Amino acid sequence: MDSIVFLILRQMRAPLLLLTTIYAIATLGLTLIPGMDDKGQVWYMDFFHAFYFVSFMGTTTGFGEIPYPFTDAQRMWALIFIYISVATWVYTIGTLIRLWQNETLQKALAEHRFQRQVRQINESFFVVCGYGNTGSRLVKSLRKRLIRASVLDLKQDRIDALMLAEHPLFLPGLQADASTPRNLVLAGIMHPMCKSVVALTDDNAVNLHIAITAKVLKPELKVICRSDSHEIEANMASFGTDAIIDPFDSFAKDLGLAVDYPYQYMLSDWFRNESGETLAPVMQLPKGRWLLCGFGRFGRAIHRELVDAGMTVQVIEPNKALLNLPVNAVIGDGTEAVTLNQAGVSEAVGIIAGADDDSNNLSIIVTAKELNPDLFVIARQNQQANSRLFAHPRAELVMEVSDVLATKIRTLLTNPLVDDFLSLARAHDDSWAQNLTERIRKISPSGFPEVWECVIAADSAHAVSNALTKGTDVRIEHLTHDHHDRDVSLPVLALLHSNSQGAFCMPSGHASLAANDRLLFAGSAASRARMQWNLQNEVALGYMLTGASLPQTWLGRWLQRANS
Amino acid sequence: MKTLGKSDTGAHKINANLDTYGYSERSIETGSRYMNLEKVVFAFTIILALTLNFGFFTGDIGNAAHHNVYELYAAIFVNAIATILKFGDRTHMGAVLLAASLVADIQLVAAAGVWVYAVHVTDIGLTPAIVASIVSLAGGAVIANTISVSLLVIETVMLRR
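Laid out in structure tokens, this is it:
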């Protein structure tokens with residue numbers, strides 16, 4: 009900042025010198041040229057009045073010829089200096105404005121401002137590198153939960169979009185190259201409250217660089233990266249990146265799961281996504297012959313998973329020179345009936361439109377549905393703007409990269425226990441999952457259940473921690489019942505109980521709690537608020553534990569002791 | 165002013181948008197004749213500021229006839245020029261020079277302010293007391309200007325070695 013001030017001063021020297029000199033000469037002249045007072049006597053202006061006159065002449069204010077009207081000699085002097093002094097003033101102000109608008113200065117100011125805003129953050133926050141489709145989705149869902157993030161993006165208009173987004177929570181953003189360590193430090197990775205850095209740029213190499221820089225500078229920072237290249241993913245994993253999310257692999261794996269475990273898939277959908285209908289029927293993928301249009305990264309991942317799940321997959325791909333293309337692949341776009349018929353569309357149960365162009369995908373869907381209206385359609389949507397075109401009933405399942413990434417990453421950042429729960433749930437069969445979905449539908453009939461974590465710590469569960477330090481046995485059922493009537497159970501489900509012995513899926517209400525245990529609950533937002541009473545309020549917890557109301561005041565407690 | 169004193173040698177990358185070098189042009193030897201003119205002007209202005217200032221200061225401290233208003237005016241003007249010339253120098257010496265110059269400016273402007281106040285704003289007039297105030301403020305500025313000139317001399321001597 010100091011250097012900027014010095015540079016401005018340097019550039020301002022010429023205009024200021026000119027201005028001072030012009031003013032000095034004009035003032036001196038006015039004191040030497042004879043004027044006339046109101047009595048007709050010769051009168052010389054003194055410096056004060058001369059300087060006053062020159063000041064309002066130069067700034068084009070022009071109060072008038074004071075204190076007495078000018079003589080012609082004075083007027084001639086003034087005439088010359090009106091033009092010269094005004095021009096000099098304009099030159100000075102113009103130079104100042106030009107310097108102020110200088111790009112380097114503005115950039116330095118923006119950086120300085122950003123650094124100050126990041127330093128002032130006093131709550132846990134994340135650093136998000138890349139504010140494209142995925143970044144903006146992620147930041148929006150974080151903002152809804154009032155979680156702060158600092159944002160870096162290479163393009164200024166993305167940062168402008170961040171600033172213009174309507175939301176009361178202010179997020180600092182800077183247009184900077186996230187692969188430069190200095191910019192990452194500016195964004196706050198070394199800040200004690202920074203919990204994680206998320207690399208979401210559209211360049212895998214940049215994401216890799218961000219991951220390495222973050223891990224080297226602050227190893228305990230959680231690093232989450234996006235990647236779609238297996239080599240780069242291996243590289244990222246080699247130095248301990250905490251989570252690498254490949255959107256295609258991720259979607260394909262979930263799809264493979266959905267073939268035989270549709271209810272498990274539904275659970276994962278409910279717990280990860282933010283909004284939706286729990287009453288919607290479960291998605292059953294038909295078994296049989298599937299057509300796959302497009303054998304890029306997406307197509308390959310889908311092909312692998314569906315074949316592993318036991319489906320027959322017929323590949324349609326225009327580029328016959330692709331590596332690892334199956335021998336029986338049909339060469340073509342899939343957008344014409346000829347190719348689809350050749351691939352056997354009438355006997356197929358489903359089609360996957362996986363090209364990297366949205367109009368091609370839509371064309372494939374429309375053509376295929378004409379030939380076989382009962383096809384189950386899975387579509388890849390490339391541009392976020394085309395959401396309306398892919399809406400149901402055109403496609404039963406839509407894969408949009410930014411959506412997949414943002415959902416996964418948001419879950420990782422805000423509710424990491426959900427991933428633990430879902431991986432434990434895989435050990436159970438699908439009827440167990442079906443049971444669970446029934447139970448969830450009962451507690452949350454209208455929309456997706458809210459899923460939240462609870463940590464038994466002094467700040468988030470004050471009453472429970474205190475009770476535990478005193479040695480009282482506090483169980484999960486004490487948390488999940490209503491503090492107005494302990495026989496009534498709140499509409500929540502305890503999904504996961506993670507303690508020092510491990511993680512337990514669907515714990516029973518009789519499980520005992522210990523300090524620093526983590527619990528995952530699903531339920532409505534109202535019941536989440538209700539549970540806070542049991543967690544934080546000693547009187548409520550006391551009622552839950554004993555059934556008797558403890559007196560709330562010191563006087564009441566004294567009286568109780570006196571009477572007992 | 166910014167076109168003088170720095171020949172475009174390749175050794176210095178000059179940012180097209182902003183002047184990047186903040187080092188005093190006076191303290192770098194390049195041997196071109198423009199260099200010397202810049203030094204002459206700079207030294208001339210600083211010394212002239214001191215001489216005019218001192219000229220105003222000398223004389224009976226209470227006697228208005230010994231202190232010419234034109235000399236005060238010239239002193240203020242040349243001090244302002246000297247201050248502006250000292251802008252933008254990032255060396256320690258440059259910072260101290262600028263500080264001394266600003267002090268001198270403030271003192272002289274205060275002296276002028278007292279004069280204007282006594283003669284125009286109120287009816288005190290140029291009493292010996294007022295003249296003494298004016299001259300003593302100018303005397304303070306003499307000290308500041310002396311410091312400036314001393315620093316200039318010291319810098320010149322150091323460079324010569």
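From first to last, the protein sequence lines stand for chains A and B.
Throughout, this note's numbering is defined as the position within the first sequence, counted from one, plus 8.
Throughout, this note's numbering is defined as the position within the second sequence, counted from one, plus 164.
Quick reminder that beta carbons are idealized off the backbone N, C-alpha and C, glycines included.
These figures come from a predicted structure and were not determined experimentally.
Do we get a CB-CB distance below 9 Å when we pair residue i with the residues of chain A?
{"i": "residue 283/B", "result": "yes"}
{"i": "residue 273/B", "result": "no"}
{"i": "residue 241/B", "result": "yes"}
{"i": "residue 228/B", "result": "no"}
{"i": "residue 302/B", "result": "no"}
{"i": "residue 276/B", "result": "yes"}
Please state whether the Cβ-Cβ distance between residue i and residue j is less than 9 Å.
{"i": "residue 66/A", "j": "residue 30/A", "result": "yes"}
{"i": "residue 219/B", "j": "residue 271/B", "result": "no"}
{"i": "residue 216/B", "j": "residue 242/B", "result": "yes"}
{"i": "residue 196/A", "j": "residue 166/A", "result": "no"}
{"i": "residue 341/A", "j": "residue 301/A", "result": "yes"}
{"i": "residue 231/A", "j": "residue 205/A", "result": "yes"}
{"i": "residue 241/A", "j": "residue 254/A", "result": "yes"}
{"i": "residue 496/A", "j": "residue 141/A", "result": "no"}
{"i": "residue 259/B", "j": "residue 213/B", "result": "no"}
{"i": "residue 172/A", "j": "residue 126/A", "result": "no"}
{"i": "residue 541/A", "j": "residue 533/A", "result": "no"}
{"i": "residue 292/B", "j": "residue 226/B", "result": "yes"}
{"i": "residue 134/A", "j": "residue 149/A", "result": "no"}
{"i": "residue 245/B", "j": "residue 276/B", "result": "no"}
Chain A partners of residue i, CB-CB under 7 Å?
{"i": "residue 244/B", "result": "28"}
{"i": "residue 233/B", "result": "55"}
{"i": "residue 280/B", "result": "56"}
On a CA-only basis, which of the options is nearest residue i? Give me that one, please.
{"i": "residue 354/A", "options": "345/A, 426/A, 361/A", "result": "345/A"}
{"i": "residue 491/A", "options": "502/A, 543/A, 481/A, 74/A", "result": "543/A"}
{"i": "residue 510/A", "options": "432/A, 480/A, 470/A", "result": "432/A"}
{"i": "residue 331/A", "options": "303/A, 309/A, 315/A", "result": "303/A"}
{"i": "residue 186/A", "options": "199/A, 156/A, 173/A, 219/A", "result": "219/A"}
{"i": "residue 452/A", "options": "285/A, 277/A, 210/A", "result": "285/A"}
{"i": "residue 326/A", "options": "314/A, 177/A, 364/A", "result": "364/A"}
{"i": "residue 10/A", "options": "174/A, 137/A, 58/A, 116/A", "result": "116/A"}
{"i": "residue 107/A", "options": "18/A, 121/A, 118/A", "result": "18/A"}
{"i": "residue 417/A", "options": "293/A, 235/A, 63/A, 76/A", "result": "235/A"}
{"i": "residue 182/A", "options": "121/A, 207/A, 174/A", "result": "121/A"}
Name the chain A residues that come within less than 8 Å of residue i, Cβ to Cβ?
{"i": "residue 260/B", "result": "By Cβ distance, chain A contributes nothing, its closest Cβ being about 15 Å from residue 260/B, past 8 Å."}
Going straight from the alpha carbon of residue i to that of residue j, what length do you get?
{"i": "residue 27/A", "j": "residue 97/A", "result": "7 Å"}
{"i": "residue 430/A", "j": "residue 480/A", "result": "31 Å"}
{"i": "residue 362/A", "j": "residue 372/A", "result": "9 Å"}
{"i": "residue 243/A", "j": "residue 352/A", "result": "41 Å"}
{"i": "residue 442/A", "j": "residue 264/A", "result": "18 Å"}
{"i": "residue 405/A", "j": "residue 298/A", "result": "14 Å"}
{"i": "residue 333/A", "j": "residue 380/A", "result": "26 Å"}
{"i": "residue 201/A", "j": "residue 250/B", "result": "44 Å"}
{"i": "residue 521/A", "j": "residue 465/A", "result": "11 Å"}
{"i": "residue 36/A", "j": "residue 90/A", "result": "15 Å"}
{"i": "residue 512/A", "j": "residue 500/A", "result": "17 Å"}
{"i": "residue 482/A", "j": "residue 553/A", "result": "7 Å"}
{"i": "residue 79/A", "j": "residue 38/A", "result": "11 Å"}
{"i": "residue 529/A", "j": "residue 498/A", "result": "11 Å"}
{"i": "residue 439/A", "j": "residue 287/A", "result": "18 Å"}
{"i": "residue 86/A", "j": "residue 237/B", "result": "19 Å"}
{"i": "residue 228/B", "j": "residue 297/B", "result": "11 Å"}
Just to make sure I have the definition right: I need the residues of chain A whose C-beta is within less than 9 Å of the C-beta of residue i. Which are they?
{"i": "residue 326/B", "result": "Lying outside 165 to 325, the shown extent of chain B, residue 326/B is not represented and no answer is given."}
Nearer than 8 Å: is that true of the beta carbon of residue i relative to any heavy atom of the ligand FMN?
{"i": "residue 28/A", "result": "Within the structure as shown, the ligand FMN is missing, as the structure has no ligands at all."}
Verify the CB distance criterion: does residue i have a CB-CB separation below 9 Å to chain B?
{"i": "residue 38/A", "result": "no"}
{"i": "residue 93/A", "result": "no"}
{"i": "residue 11/A", "result": "yes"}
{"i": "residue 32/A", "result": "yes"}
{"i": "residue 35/A", "result": "yes"}
Residues of chain B with a CB under 7 Å from the CB of residue i: which are they?
{"i": "residue 17/A", "result": "251, 252"}
Quick one: which chain B residues come within Cβ less than 9 Å of residue i?
{"i": "residue 20/A", "result": "248, 251, 252"}
Kindly indicate if chain E contains any beta-carbon less than 9 Å away from that of residue i.
{"i": "residue 282/B", "result": "This model lacks chain E altogether; the protein chains it does include are A and B."}
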